[in-house]
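These notes concern the structure reproduced below.
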Amino acid sequence: MDKESRKTLMRIAYASSVGIGMVLAIFGCLYFGRYLDQQFGTGLRFTIIFLLLGIAAGFRNLYYIIKKYSVDEESTTDSGDIKSGSDRKSPPSEKT
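Positions 9 to 104 (my numbering) are the ones given, in order, by the sequence shown.
Here's what the structure looks like:
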């Protein structure tokens with residue numbers, strides 16, 4: 009597999025993880041809120057509270073995934089190798 013198709017597959021994987029993360033956070037919290045409302049007979053109070061928490065969690069996940077993706081893109085060299093901090097050489101210290 010060449011590096012361009014590998015890069016395309018990584019972009020697709022990141023995009024799908026963003027969507028899945030948003031959906032799971034929102035619907036998971038929505039389901040939990042409805043469950044609590046049914047258990048305690050509180051109308052829609054917990055449903056609305058947990059729906060808002062799920063939306064906030066979904067956007068938090070979106071932020072962290074995009075942040076991680078942008079860091080991965082910046083750390084990738086032209087050859088496709090990822091440079092970690094231990095691979096980088098520090099400049100020689102100046103002796104005066």
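Each residue gets a CB set at the ideal place from its N, CA and C atoms; glycine is no exception.
C-alpha distance - Arg53 paired with Asp45, whole-angstrom precision = Taking the first residue of the sequence shown as 1, we reach residue 53 at position 45. Taking the first residue of the sequence shown as 1, we reach residue 45 at position 37. Going from the Cα of Arg53 to the Cα of Asp45 covers about 7 Å.
ask   = If you draw a straight line from the C-alpha of Glu12 to the C-alpha of Ile57, how long is it?
value = Position 4 of the sequence shown, counting from 1, holds the residue named residue 12. Position 49 of the sequence shown, counting from 1, holds the residue named residue 57. About 44 Å.
request  = Identify which residue in Gly62, Arg19, Thr16 and Tyr22 has its Cα closest to the Cα of Gly36.
outcome  = Your numbering for residue 36 matches position 28 in the sequence shown. Among Gly62, Arg19, Thr16 and Tyr22, the Cα nearest to that of Gly36 is on Gly62.
Met30, DSSP secondary structure in three states = The residue you call residue 30 lines up with position 22 of the sequence shown. Reduced to three states, the DSSP call for Met30 is helix.
request  = Starting from the C-beta of Ile73, find all residues in its chain whose C-beta is less than 7 Å away, skip the five residues before and the five after it, and write them out in chain order.
outcome  = Reading the sequence shown from its first residue, position 65 is the one you call residue 73. The residues are Tyr22, Ser25, Val26 and Gly29.
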